[in-house]
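Residues in the sequence shown are numbered consecutively from 69, following our numbering.
Even glycine gets a Cβ: it sits at the ideal position worked out from N, Cα and C.
The structure appears below as structure tokens.
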Amino acid sequence: MMKKLIACCGLDCEKCDAYIATINNDQVLREKTAKLWSQLNHTTITPDMINCTGCRMEGIKTIYCSNICQIRKCVKNNGFDTCAPCQAIKTCKIVSQIHKHNKDALKNLGQ
């Protein structure tokens with residue numbers, strides 16, 4: 069059985085700085101993460117946006133995870149819990165960038 073803290077795409081939420089900052093109430097990590105994510109995404113992300121209890125868990129999500137993530141939207145729209153049961157997982161253009169840069173994500177999905 070897959071851990072609940074494995075995101076829809078296979079990333080491990082327990083390793084995500086937003087999750088870590090949330091469960092530890094770590095304001096310094098929120099600030100560091102907001103700065104980095106702002107640079108990487110060419111947008112303004114504030115420390116108060118860095119709160120998440122995990123992609124597939126009940127509770128607060130970052131604005132990206134809750135509203136923007138196309139992978140999460142696809143999984144939910146198709147009635148899946150993760151990308152794992154999708155027949156197109158190996159060729160999907162939406163999730164391929166995650167799997168290309170993080171081989172553990174695919175392993176986390178049992179692929």
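Quick one: is Lys-144 buried, meaning 16 or more other Cβ sit within 10 Å of its Cβ, or exposed?
To locate residue 144, count along the sequence shown from 1; it is residue 76. Lys-144 is exposed by the Cβ-count criterion.
Based on Cα-Cα distance, which residue from Asn-176, Ile-74, Trp-105 and Lys-175 lies nearest to Gly-122?
Within the sequence shown, residue 122 is the residue found at index 54, counting from 1. The residue with the shortest Cα to Cα distance from Gly-122 is Ile-74.
So what does DSSP say about Ile-74, is it helix, strand or coil?
Walking along the sequence shown from the start, residue 74 turns up at place 6. Of the three classes helix, strand and coil, the one that applies to Ile-74 here is strand, per DSSP.
Once DSSP output is grouped into helix, strand and coil, what is the label at Thr-149?
Position 81 of the sequence shown holds residue 149. Note that residue 149 is Asp in the sequence shown here, rather than Thr. Looking at Asp-149 - three-state DSSP - the assignment turns out to be coil, as it is neither helix nor strand.
Would you give the residue range spanned by the alpha helix (DSSP H) that Gln-107 belongs to?
The residue given as residue 107 occupies position 39 in the sequence shown. Segment 95-109, the alpha helix (DSSP H) holding Gln-107.
Would you verify that the beta carbon of Lys-175 is, or is not, closer than 8 angstroms to some beta carbon of chain D?
Any reference to chain D falls outside this structure, which holds one protein chain only.
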